[in-house]
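Engineer: Here it is, the structure in full.
There are 2 protein chains.
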Amino acid sequence: MEKINVGLIGFGTVGTGVVKVLQKSGALISERLGAEIVLKRVADHDTTTDRGVTLPDGVLVSDASVIIDDPEIDIVVELIGGTGAAKELTLQAIEKGKHIATANKALLSTHGKEIFSLAADKGVEVGFEASVGGGIPVLKALREGLAANHIDSMYGIINGTANYILSKMKNEGGKFEDVLKLAQEMGYAEADPTYDVDGIDTAHKLALLINIAYGTYITHEDVYTEGIRSINQLDIDFASEFGLTIKLLAIAKSIDGKVEARVHPTMIPSEHPLATVDGAYNAVFMHGDAVGSVMFYGLGAGMEPTASAVVADIIDICRDIKSGGVGRTAPLSTLPAAIKEVELKATEELDIQYYMRFLVTDSPGVLASISGVLGAHNISIYSVIQHERKVGGAVALVIRTHHAMERELRAAVAEIEELEVTKEKVVYIRIEETLGASE
Amino acid sequence: MEKINVGLIGFGTVGTGVVKVLQKSGALISERLGAEIVLKRVADHDTTTDRGVTLPDGVLVSDASVIIDDPEIDIVVELIGGTGAAKELTLQAIEKGKHIATANKALLSTHGKEIFSLAADKGVEVGFEASVGGGIPVLKALREGLAANHIDSMYGIINGTANYILSKMKNEGGKFEDVLKLAQEMGYAEADPTYDVDGIDTAHKLALLINIAYGTYITHEDVYTEGIRSINQLDIDFASEFGLTIKLLAIAKSIDGKVEARVHPTMIPSEHPLATVDGAYNAVFMHGDAVGSVMFYGLGAGMEPTASAVVADIIDICRDIKSGGVGRTAPLSTLPAAIKEVELKATEELDIQYYMRFLVTDSPGVLASISGVLGAHNISIYSVIQHERKVGGAVALVIRTHHAMERELRAAVAEIEELEVTKEKVVYIRIEETLGASE
C-alpha cells in the first residue's frame, strides 16, 4: 500500500492527540484512503516528557528542520501555535513544496494572505479545519458543503472557555472572577485568560470564517471585539426575564454589500438552538440564501476533538495527493485571483436592538428624563423593568430598545451618564433577536 | 473560463431549485471553482408547466436519453426519485462515463451496491448529499470531516414530516390524525404519508448513514422500523413528566462488533440538543471516538435547501474534474475493496430503558402483579406514575424501566396483556437517555 509521510511539529496537547488518533484509527483510515499515513518525524524542543503515547525509536527529534529538510515528508503538521516560529516554519515547509495542516488561527488570521499566496505559488494545500470550532467540520461545510450559497449571516460560539464561564454563571450563578478561577482550576481556562475572555481568540476565528464566506482577507484587527469581563449576574438575570440568554458571539452579516464583523456579549432568544449550547461546546449557526439556517455543533477544543480535525485535513490532503487532485479546493474556497476586499460596516452604523441597564436614583421623573434622551436620539423603548423600590436610593432600571443606530445609542449613553440621577456607568449589551432565521 | 456541462433529469420541486440556485449563484460558484457550470439540458415529461424559472430555448426536453447520449455532458443530476426509471437512467449515465448527483435515498439505499460498483468500474463519482438531511452537509461531514473517527453512535431526526407532526403534537396538543391532516394542508406531508410517518424514508436514510459510517451495504430492509401513527397525546404528556421528549429517531450504534440499526419513536431527555429540533428541521447527532459529540442541524427538505446540497455535489465533482482528482473519495468513504458485511444486532437483543403504559383496573394489587411479571423478566422499575383514581374503573399506569433486554420486555408485555386487570394493548416506547454524550 502506498505510504504518505507526515512530519509533526509541536508535540503538545493537540500534537499528542494527533499521534493517538493516527495510532488508533490508522487501519480504518487506510480503508478509507487506500494509502498508509506514516508519521515519520515529530519535532519538539521537549523530547523527554512522557505524553502517554509511544513513538518508534528515532521519530521524536528536537530540531524541526529535520522535518522541513526531509524530501520524503509530504505533509507538515504545524501545532506550535503563535505567529513566531510557527510562521517561519510554515513558510519554509511550503517553500519546500510540503502541504500544511494546522490548528493555528492566530497565524492564519494574521498572515493568511502571505501563507495562502505562497502555497498557491508552490502548488501545495493548507488545511486549517482545527483552527475554528475544534473537531467540528465547519470550515469544510462552508468551503464545500455550502459552496452554492451566498452566506447572509454567521453566528458562532467559538470559544469554549468563554462559553463555559457564561453557561456556569447562568446555570449556577456566581461572579465572573470566581467562575473564571473555577474554570482555571478545572483546566477550562488558561492561567492568562486574555485571549479567551477578551474575545481575541473568537475574533481570530471569525476573521477566518469571514475570509472563507466572502472570499477576502481580513484580520482579527478588522473585527470589532469586546470580551465578557464586564458581564454581571444582574444582566444574566434580567436577560432571562426578557427570554434572552447572553453568549459571547462571533457575528458576521452581509447587508447591502457591507459586512458586519463583530465579537461581543450578545443577548439571543433562549429558545434559539445557539442559546442551549452549553459549557465547553461550540456551535456555528449560519444562514445561506439557498440552504436556509444550518448549525454545526461540537467540542471546540480538547486533545482528541482538535486532533480529529487535524487528521481529517491530513486525510483530505492525502486523498488529493493520491487521486492527483492537489489544489482541488482553494484554502478560502474562493480562488486566489477572485479574492477581493470587502467593505466592513462600522459598529457605529449597527441597527439592532439593545439592552441597557442604568443605576439611577429612585425618584419620580427618572424614567421620563432617560426616555427623553433616548427619544431625542430616535431610540424607542420595547420594554422597561424596575423591580426594586428604594425611595431616594439607587436602583437598577433596565430598558430593552427597539432597533436603534449604535451611533445614536452611544451618544444617548453619554448624555444619560451626565444626568444627575445616573449613579454609575451605563451598561449596554447588543441583542440579536432573529439570527437570520426566517421561521 | 472552462465550462462543465450538466444535464438535469426531473424538473420537479428540487429540480426547479437546482435551476434557481445555479442561476442566482452562478457567478459566485465560478469564483470558487474556476470553471463555469453550464446547465445544458433539463429533461422532464412535462415540458409545459411554468415553474417560475426561465431556461434558454432548447434546454428543456422531454426525453432523458438526449442527456444520456450527449457526450458533452459530464454530470447527470437525477431528480426523478423512486427506484424505477431513476435506476435505469442512472446506470445508463454511469455506463456512458458520466458522474451522478442525486437526492434519491430510496434508490441508493436499495441499489447502492450495484450503482457504486458500476461507478467504480467506470471511474465516475456519485454524489448524494441531498439524500440525507436535505441541505445539511452531513454526508460530507461523515465521509471527510470525521474520516479519522470510529463512529460509536448516530441519532438522526431525518424526516421533516414526522418531526413536524411530533413537534406540533407536543407544543400545541392534538391527535395524530388531526395534526397529520393539518400537515397535509400546510404542504408538510404528502397525500400518501406512508413513507414519512411509517419511518420508511427515515430507514432509507439511516441505511445510507450506516453504509458510510461502517463501510458496508445494508438496505432499509435491514433496519428495524416503526412509525409514529400510534403516538398518543397521553404518551407525549407522560414523557414530559419524566423530562423526556418523543422524536422519531434513526439510531445506529456500534457495540462489540455489532451494529444496531433501528428507526422508531424514541424518548430522549428534553434538554438534549436533538430534543429542541422542532418543526421541519432535521439534525444528526453523532459520537466519534476522537471528536466526541457533534451535531449537524438544518432544513431536511424543501426546494432550495435540497438544491443547495445537489449543487454542492455538482461543485465537488467539478472540482475533482478540474484538478484531475476524479475518484478522490469513494461514495461511501471506505474504498470498494474494503467494504465488508457488518453483523446487525437483533432488536430483541437491545439493552435499553423503556417507557410502558398500561390501561388497568384501578384496584389494589395491580401494581404488584405487573411489577411481579416485570421482575420475573429481570426488568427493574425506575419510576411509576398513576395520576387518576377511578376505583373499579380503568386508569393509565405508566412505568419507566431501568435497562432491560427487549426480548424480556416483549415477553413481559405478552404476559401482562393476558392479566385480567389489563384492559388494553400495552404501549411501550424505547428511551435513549445518554445519546452517546459523555458530558
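If you're matching them up, the sequences are chains A and B in order.
Under our numbering, the residue at position 145 of the first sequence is numbered 1026, and the numbers go up by one with no gaps.
Under our numbering, the residue at position 404 of the second sequence is numbered 1285, and the numbers go up by one with no gaps.
Where is the CB? At the ideal position from N, CA and C, for every residue including glycine.
Computed from a predicted model, the values in this text were never measured in an experiment.
1) Compare the beta carbon distance of residue 1130 (chain A) and residue 1038 (chain A) with 8 Å and say whether it is the shorter of the two.
2) Cβ closer than 9 Å: which chain B residues qualify as neighbours of residue 1036 (chain A)?
3) Could you give the DSSP three-state label for residue 1251 (chain A): helix, strand or coil?
4) Which residues does DSSP pair with residue 1282 (chain A) in a beta bridge?
5) What is the DSSP secondary structure of residue 1095 (chain B), counted as helix, strand or coil?
6) Between residue 1385 (chain B) and residue 1281 (chain B), what straight-line distance do the alpha-carbon atoms span, to the nearest angstrom?
7) What's the C-alpha gap between residue 1188 (chain A) and residue 1075 (chain B)?
8) Is it the case that the Cβ atoms of residue 1085 (chain A) and residue 990 (chain A) are separated by a distance below 8 Å?
9) Between the Cα of residue 1153 (chain B) and the Cα atoms of B:1126, B:1141 and B:1171, which residue gives the shortest distance?
10) Distance cutoff 8 Å, beta carbons only. Does residue 1069 (chain A) sit that close to anything in chain B?
11) By how many angstroms is the C-alpha of residue 978 (chain A) removed from the C-alpha of residue 1002 (chain A)?
12) Give me the subset of the segment 1012-1032 of chain B whose CB atoms are less than 7 Å from a CB atom of chain A, sorted by chain position.
13) Cα separation between residue 1185 (chain B) and residue 918 (chain B)?
14) Check residue 1298 (chain B) in the structure and name its three-state DSSP category.
15) Where DSSP assigns a beta bridge to residue 1177 (chain B), which residues make up the other side?
16) Would you decide whether residue 1052 (chain B) is buried or exposed? Buried here means 16 or more other CB atoms lie within 10 Å of its CB.
17) Let me check understanding here. Comparing Cα to Cα, which of A:1118, A:1315 and A:1098 lies closest to residue 1050 (chain A)?
18) May I ask you to list, following chain order, the residues of the segment 980-1001 of chain B that have a beta carbon less than 8 Å from some beta carbon of chain A?
19) Does any C-beta atom of chain A lie closer than 8 Å to the C-beta of residue 1171 (chain B)?
20) Hey, how far is the Cα of residue 1025 (chain A) from the Cα of residue 914 (chain B)?
21) What is the DSSP secondary structure of residue 1267 (chain A), counted as helix, strand or coil?
22) Can you find a CB in chain B that lies within less than 8 Å of the CB of residue 1126 (chain A)?
23) Under 8 Å between the Cβ atoms of residue 957 (chain B) and residue 888 (chain B)?
24) Return the bridge partner residues of residue 1135 (chain A) from the DSSP annotation.
25) Rounded to the nearest angstrom, what separates residue 1191 (chain B) and residue 993 (chain B) at their Cα positions?
26) Would you mind working out which of B:1089, B:1060, B:1072 and B:980 sits nearest residue 1114 (chain B), comparing C-alpha positions?
27) Select from the segment 905-937 of chain B all residues with a C-beta closer than 9 Å to any C-beta belonging to chain A, and list them in chain order.
28) Candidates A:1161, A:1217, A:1228 and A:1196: which alpha carbon is nearest residue 920 (chain A)'s?
29) At 7 Å on the CB atoms, spell out the chain A contacts of residue 1177 (chain B), in chain order.
30) DSSP three-state call for residue 1379 (chain B): helix, strand or coil?
31) What does the alpha-carbon distance come out to for the pair residue 1201 (chain A) and residue 1019 (chain A)?
32) Just checking: is the beta-carbon of residue 1154 (chain A) within a distance shorter than 8 Å of some beta-carbon in chain B?
33) At a CB distance below 7 Å, what residues from the segment 883-904 of chain B approach chain A? Give them in sequence order.
34) Taking only the alpha-carbon atoms, compute the straight-line gap between residue 1041 (chain A) and residue 1167 (chain B) and give it to the nearest angstrom.
35) So, helix, strand or coil for residue 971 (chain B), using DSSP?
36) Run through the DSSP bridge pairs and tell me what residue 1239 (chain B) is partnered with.
Structural biologist: According to the data block:
1) yes
2) Residues of chain B passing the Cβ test: none, with the nearest at roughly 13 Å.
3) helix
4) A:1262
5) helix
6) Residue 1385 (chain B) falls outside the range modelled here, since chain B spans only 882 to 1320, and no answer is possible.
7) 43 Å
8) yes
9) B:1126
10) no
11) 10 Å
12) 1016, 1017, 1018, 1021, 1022, 1025, 1026, 1027, 1028, 1029, 1030 and 1031
13) 18 Å
14) helix
15) A:1177 and B:1165
16) exposed
17) A:1118
18) none
19) yes
20) 10 Å
21) coil
22) no
23) yes
24) A:1140
25) 18 Å
26) B:1060
27) 905, 906, 909, 910, 911, 912, 913, 914 and 915
28) A:1196
29) 1177
30) Look at the range of chain B in this structure, 882 to 1320, and you will see that residue 1379 (chain B) is not part of it.
31) 20 Å
32) yes
33) 902
34) 19 Å
35) helix
36) B:1278
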